Amino acid sequence: MREGRLARSKFYNWPDKLFDLCNILFMIGLVIVTLYPFINMFALSFNNANDSIRGGVYLWPRLWTLDNYKYIFNEASIYYATTISALRTIIGTLVSVFCTAMLAYTVSRQNFVLRKFVTVAFIFTMYFSGGLIPGYLLIKELHLINSFWVYIIPGIIGVFNMIVIRSFIEGLPDGILESAKIDGAGEFTTFMRVVLPLTVPALATVSLFVAVGQWNSWFDVFLYNSSRIELSTLQYELMKILQTSNTAATSSTAADQFASGQSGVTSVTPTSIRATMTIIASVPIIMVYPFLQKYFVKGMTVGGVKG
Amino acid sequence: MENQTQPAISTAQGRALRRSRLPFFFKKLLQQKVLVAMSVPFLLWLVLFKYVPLWGWTIAFQKFRPAKGLFDQEWVGWKNFAFLFQDDTFYQVLRNTIVMSTINLVFGFVTAITLAILLNELRHILFKRVVQTISYLPHFISWVVAASIVSSALSPEGIINILLVKLHIIEQPILWLGKGEYFWGIIGSAEVWKNVGWNTIIYLAAITTIDPAQYEAAEIDGANRFQRIGYITLPGLKSVIVILLIMNLGHILESGFEPQYLLGNGMTVEYSDNLDIFVLKYGMDMSNYSLATAAGIFKTAVSFIFLLSANGIAKRLGESRLF
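See the structure below:
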């Protein structure tokens, strides 16, 4: 273990050592509490469903099988849901990040006549929103119900994200944007060629926030598209399974019906289906977020102070 | 009516002012047409998706029937609000909302600040990094996944019951999610599990701005770990804590929607239903749009009053504030 500055000094005595030991033990406990549920779900998802009922599967599958995954991906609803989840994450993130960055650039220009007006108009909506019912009625009036675009269009601009990107652009050295202008670049060219490449750290942060939001959302599916299975998402499908097993937990007959209704023969069980869906719904996020850590930590600090 | 003369004067003055400014404004606007083209479409989007729904607040003052057009609705004044304040479920829902968001606020603050301070005391940099990365994980997964994890951990054959029975703390497995009395504690713990790591980010950033010389001086003066934390780290975090407290007080009526909706069930409604679920039930399930919107307006109004008061108190105490 690499020791810090204090360890070498004569002030590092036994109460300090005891404190450090307790602290490390506490952190290990925290890591276990955070990771155990995922490891357990992973083990259950690769374990034979009927064997799981016996209990005792904690950290590693006892009887390896891919049946749970095979079963789930054979379901038409999961096939659609995976596609839609991926599509809304990719399209939604690209569109939203580009548009939000463009708007952030315009309000970062100090001499732009509409700067104050646009900024205030957007920030106002952070505190006042129409709420569920007026929002729902609007979407209905616009005929966005039962359409893929209801996932994209209402979320084009994120005000918090705009503030993060704006703060980042304002922190760029003044000379860079000015020299682009002297070279004869218009505002749009400056934005595309100079600002976008320079704001990559902020864009990475915002992309992560938007992508995670898109991947994780189920409420808009529930509200607007629940009658069209080909527009469902993974999270919504998992949510339906969860709701069924929540009610199933209160009566055993419902649980049995669920298991047999889903499979016919009991090669899968509600527990194993749920574990498998949970892993499918969270693996993409687990794979991505650690690599963007230094960006989002910075983005949170900037946005948190100025927002 | 009696003020009719006053606006006339001010418009006359305004006209004189605008006469000199308007051409300049339009000239600028024309000069900056590219910037205008890059922002005005989003302004229109904003009006359509954020300001038009605000106008939808009028629904709360109508007896709204979806079949009729938006302009042929019957106006009923404050009747929906009156009905709301006579409804016993509304008070129950309000109690649940306030209790759950207070638990989240207090629990969330204390755990995040404690964890940030403990992380800061870790000496091994790589170990600290790994713990931090892992602690951010639950923030990024959806509430659906989190609810799935919580409900399986708390099920009769879940890990919590297994551990408690093995340690002889309880005799029989408990159906944790089936009893309303446990619900608030479960939601509070789930929130902490999900967000404690994420919430440390801002405190850790604030700790890095504290001058290391202060710690060295304290060390030489013989201050122990707890004294250094109490007299240097915590005071250094004071202004961040105040700002975050103000922001969170504005959300006192937002106890969250997803965890309650996903983990609540028929046996816990008396404790789990909050304002957001109330709005959803009245609005979408029963199609009583007017009452649901009235409840929504009540929520926004109270939140804003809380935000302004907290901001005012911070101002009086000479602390940093939002606006």
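Heads up: the sequence lines are chains A and B, in that order. Taking our numbering, the leading residue of the first sequence gets 2, the next gets one more, and so forth. Taking our numbering, the leading residue of the second sequence gets -16, the next gets one more, and so forth. Built from N, CA and C at the ideal position, the CB exists for glycine as well. Being a predicted model, the structure only gives us computed values, none of them experimental.
Exercise for the section: Note down, in chain order, all residues in the region 178 to 205 of chain A with a beta-carbon under 8 Å from any beta-carbon belonging to chain B. Expected result: Going along the region 178 to 205 of chain A in chain order, one finds G187, E188, F189 and F192 with a Cβ nearer than 8 Å to chain B.
Exercise for the section: Starting from the beta carbon of K33 of chain B, find every residue of chain A whose beta carbon is closer than 8 Å, and list them in chain order. Expected result: For the purposes of this step, residue 33 of chain B is taken as the residue at position 50 of the second sequence. Those are T126, S130 and G131, listed as they occur along chain A.
Exercise for the section: Measure the C-alpha to C-alpha separation of L137 of chain B and I190 of chain B and round it to an integer number of angstroms. Expected result: By 1-based counting over the second sequence, the position of residue 137 of chain B is 154. By 1-based counting over the second sequence, the position of residue 190 of chain B is 207. Between L137 of chain B and I190 of chain B, the C-alpha separation is close to 36 Å.
Problem - Expected contact under 8 Å - CB spacing of E238 of chain A and I79 of chain A to nearest Å - result: Indexing the first sequence from 1 puts residue 238 of chain A at position 237. Indexing the first sequence from 1 puts residue 79 of chain A at position 78. Cβ-Cβ separation between E238 of chain A and I79 of chain A: approximately 6 Å, consistent with a contact (criterion under 8 Å).
Practice task
Assign K177 of chain B to buried or exposed, taking buried as 16 or more other Cβ atoms, counted over all protein chains shown, within 10 Å of its Cβ.
Solution key: In the second sequence, the residue the question calls residue 177 of chain B occupies position 194. It counts as buried.
Exercise for the section: Could you confirm whether any beta carbon from chain A is found closer than 9 Å to the beta carbon of I81 of chain B? Expected result: Counted from its first residue, the second sequence places residue 81 of chain B at position 98. No - not a single Cβ of chain A is within 9 Å of the one on I81 of chain B.
Handout entry: Per-residue contacts from N24 of chain A into chain B (C-beta, under 7 Å)
Key = Walking along the first sequence from the start, residue 24 of chain A turns up at place 23. Neighbours of N24 of chain A in chain B, taken as residues whose beta carbon is under 7 Å from its own, are L101, E104 and L105 in chain order.
Practice task
Verify whether the separation of the beta carbon atoms of N217 of chain A and I124 of chain B is less than 9 Å.
Solution key: Your numbering for residue 217 of chain A matches position 216 in the first sequence. Your numbering for residue 124 of chain B matches position 141 in the second sequence. Cβ atoms of N217 of chain A and I124 of chain B: closer than 9 Å.
Problem - Distance between beta carbons of V98 of chain A and V207 of chain A, contact taken as under 8 Å - result: Reading the first sequence from its first residue, position 206 is the one you call residue 207 of chain A. Reading the first sequence from its first residue, position 97 is the one you call residue 98 of chain A. Their Cβ separation, rounded to whole angstroms, is 6 Å, which keeps V207 of chain A and V98 of chain A in contact under 8 Å.
Exercise for the section: Measure from the C-beta of Y152 of chain A to each C-beta in chain B and report whether the shortest distance is under 9 Å. Expected result: Position 151 of the first sequence holds residue 152 of chain A. Not an interface residue.
Exercise for the section: For N147 of chain A, name the three-state secondary structure that DSSP assigns. Expected result: Taking the first sequence and counting its residues from 1, the one referred to as residue 147 of chain A is at position 146. N147 of chain A falls in the coil class under three-state DSSP.
Problem - Selection of the region 137 to 149 of chain B by Cβ proximity to chain A, strictly under 9 Å - result: Of all residues in the region 137 to 149 of chain B, only S138, P139, E140, I142 and I145 place a beta-carbon less than 9 Å from a beta-carbon of chain A.
Practice task
Taking only the alpha-carbon atoms, compute the straight-line gap between F123 of chain A and I164 of chain A and give it to the nearest angstrom.
Solution key: In the first sequence, the residue the question calls residue 123 of chain A occupies position 122. In the first sequence, the residue the question calls residue 164 of chain A occupies position 163. One C-alpha to the other measures close to 10 Å.
Problem - Inside the region 255 to 298 of chain B only - alpha helix (DSSP H) runs reaching at least 4 residues - result: Every alpha helix (DSSP H) of 4 residues or more that sits fully in the region 255 to 298 of chain B is shown, in chain order, as 258 to 263.
Exercise for the section: Starting from P38 of chain A, follow the alpha helix (DSSP H) in both directions and report where the run begins and ends. Expected result: For the purposes of this step, residue 38 of chain A is identified with residue 37 of the first sequence, where counting begins at 1. Boundaries of the alpha helix (DSSP H) harbouring P38 of chain A: W15 to S46, taken from the DSSP string.
Practice task
Starting from Q243 of chain B, trace the alpha helix (DSSP H) both ways and give me its first and last residue.
Solution key: What you label residue 243 of chain B is simply residue 260 of the second sequence in a count that begins at 1. Element bounds for Q243 of chain B: E241 to L246.
Practice task
Kindly give me the distance between the Cβ atoms of V127 of chain B and A282 of chain A, rounded to whole angstroms, as I take these residues to be in contact under 8 Å.
Solution key: Residue 127 of chain B sits at position 144 when you count from the first residue of the second sequence. Residue 282 of chain A sits at position 281 when you count from the first residue of the first sequence. Between A282 of chain A and V127 of chain B the Cβ distance is about 7 Å, and since that is below 8 Å, they are a contact.
Handout entry: Minimum Cβ-Cβ distance from G266 of chain B to chain A less than 9 Å
Key = Working through the second sequence from its first residue, we reach residue 266 of chain B at position 283. Residue-level contact by beta carbon holds for G266 of chain B and chain A, with a gap shorter than 9 Å.
Practice task
Decide if L104 of chain A is buried, meaning its Cβ has at least 16 other Cβ atoms within 10 Å, or exposed.
Solution key: Position 103 of the first sequence, counting from 1, holds the residue named residue 104 of chain A. By the beta-carbon neighbour count (other beta carbons within 10 angstroms, threshold 16), L104 of chain A is buried.
Exercise for the section: Determine the extent of the alpha helix (DSSP H) in which V222 of chain A is found, giving its start and end residues. Expected result: For the purposes of this step, residue 222 of chain A is identified with residue 221 of the first sequence, where counting begins at 1. First-last of the alpha helix (DSSP H) with V222 of chain A: F220 to Y225.
Handout entry: Distance between F166 of chain B and V121 of chain A (C-alpha atoms, nearest Å)
Key = Translated into the one-based positions of the first sequence, residue 121 of chain A becomes position 120. Translated into the one-based positions of the second sequence, residue 166 of chain B becomes position 183. Straight-line spacing of the CA atoms in V121 of chain A and F166 of chain B works out to 40 Å.
Practice task
Quick one: which residues of the region 205 to 232 of chain B get their C-beta closer than 9 Å to a C-beta of chain A? List them in chain order.
Solution key: Only those residues of the region 205 to 232 of chain B whose C-beta falls short of 9 Å from the nearest C-beta of chain A are listed: G205, N207, R208, F209, V223, I226, L227 and M230.
Practice task
Give, in chain order, every residue of the region 283 to 297 of chain A whose Cβ lies closer than 9 Å to some Cβ of chain B.
Solution key: For the region 283 to 297 of chain A, the beta-carbon criterion of a distance under 9 Å to any beta-carbon of chain B is satisfied by S283, I286, I287, V289, Y290, P291, Q294 and F297.
Practice task
Reducing DSSP to helix, strand and coil, say where E76 of chain A ends up.
Solution key: Mapped onto the first sequence, residue 76 of chain A falls at position 75. When secondary structure is reduced to three states using DSSP, E76 of chain A falls in the coil class, being assigned neither helix nor strand.
Practice task
With DSSP as the reference, label S238 of chain B as helix, strand or coil.
Solution key: Position 255 of the second sequence holds residue 238 of chain B. Coil, per DSSP.
Exercise for the section: Note down the Cα distance separating M301 of chain A from I185 of chain B, rounded to an integer number of angstroms. Expected result: What you label residue 301 of chain A is simply residue 300 of the first sequence in a count that begins at 1. What you label residue 185 of chain B is simply residue 202 of the second sequence in a count that begins at 1. Linking M301 of chain A to I185 of chain B through their CA atoms gives a straight-line distance of about 7 Å.
Handout entry: Nonlocal neighbours in the same chain, by C-beta distance under 7 Å from D52 of chain A, ignoring five residues either side
Key = Indexing the first sequence from 1 puts residue 52 of chain A at position 51. Hits under 7 Å: R63 and L64.
Exercise for the section: Taking 9 Å as the cut-off, decide whether the C-beta atoms of I42 of chain B and I146 of chain A are in contact. Expected result: Numbered from 1 along the second sequence, position 59 holds the residue referred to as residue 42 of chain B. Numbered from 1 along the first sequence, position 145 holds the residue referred to as residue 146 of chain A. No Cβ-Cβ contact shorter than 9 Å links I42 of chain B with I146 of chain A.
Practice task
Determine the burial state of N144 of chain B: buried for a count of at least 16 other Cβ atoms within 10 Å of its Cβ, exposed for fewer.
Solution key: On the second sequence, position 161 is the one that residue 144 of chain B refers to. Counting of Cβ neighbours within 10 angstroms places N144 of chain B among the buried residues, the total reaching 16 or more.
Problem - W61 of chain B versus N248 of chain B - alpha carbon distance - result: On the second sequence, position 78 is the one that residue 61 of chain B refers to. On the second sequence, position 265 is the one that residue 248 of chain B refers to. A direct Cα-Cα distance of roughly 33 Å separates W61 of chain B from N248 of chain B.
Handout entry: Within-9 Å CB hit, L12 of chain B to chain A
Key = As a working mapping, residue 12 of chain B is identified with position 29 in the second sequence. Yes - at least one Cβ of chain A is within 9 Å of the one on L12 of chain B.
Practice task
Output the boundary residues of the alpha helix (DSSP H) element that contains Y165 of chain B.
Solution key: Within the second sequence, numbered from 1, the residue matching residue 165 of chain B stands at position 182. Secondary structure note for Y165 of chain B: its alpha helix (DSSP H) is the uninterrupted segment G163 to T191.
Exercise for the section: Give the DSSP bridge partners of Q45 of chain B, in chain order. Expected result: In the second sequence, the residue the question calls residue 45 of chain B occupies position 62. Beta-bridge partners of Q45 of chain B (DSSP): B:W58.
Handout entry: Which residues DSSP lists as bridging W65 of chain A, in chain order
Key = Taking the first residue of the first sequence as position 1, residue 65 of chain A is located at position 64. According to DSSP, W65 of chain A bridges with A:N48.
Problem - Distance CB(N79 of chain B)-CB(L274 of chain B) smaller than 9 Å - result: Counting from 1 along the second sequence, the entry for residue 79 of chain B is found at position 96. Counting from 1 along the second sequence, the entry for residue 274 of chain B is found at position 291. No, the pair does not count as a contact, with Cβ atoms beyond the cut-off.
Practice task
Measure the Cβ-Cβ separation of E104 of chain B and D221 of chain A and say whether it is below 9 Å.
Solution key: Numbered from 1 along the second sequence, position 121 holds the residue referred to as residue 104 of chain B. Numbered from 1 along the first sequence, position 220 holds the residue referred to as residue 221 of chain A. Between E104 of chain B and D221 of chain A, the C-beta spacing is not below 9 Å.
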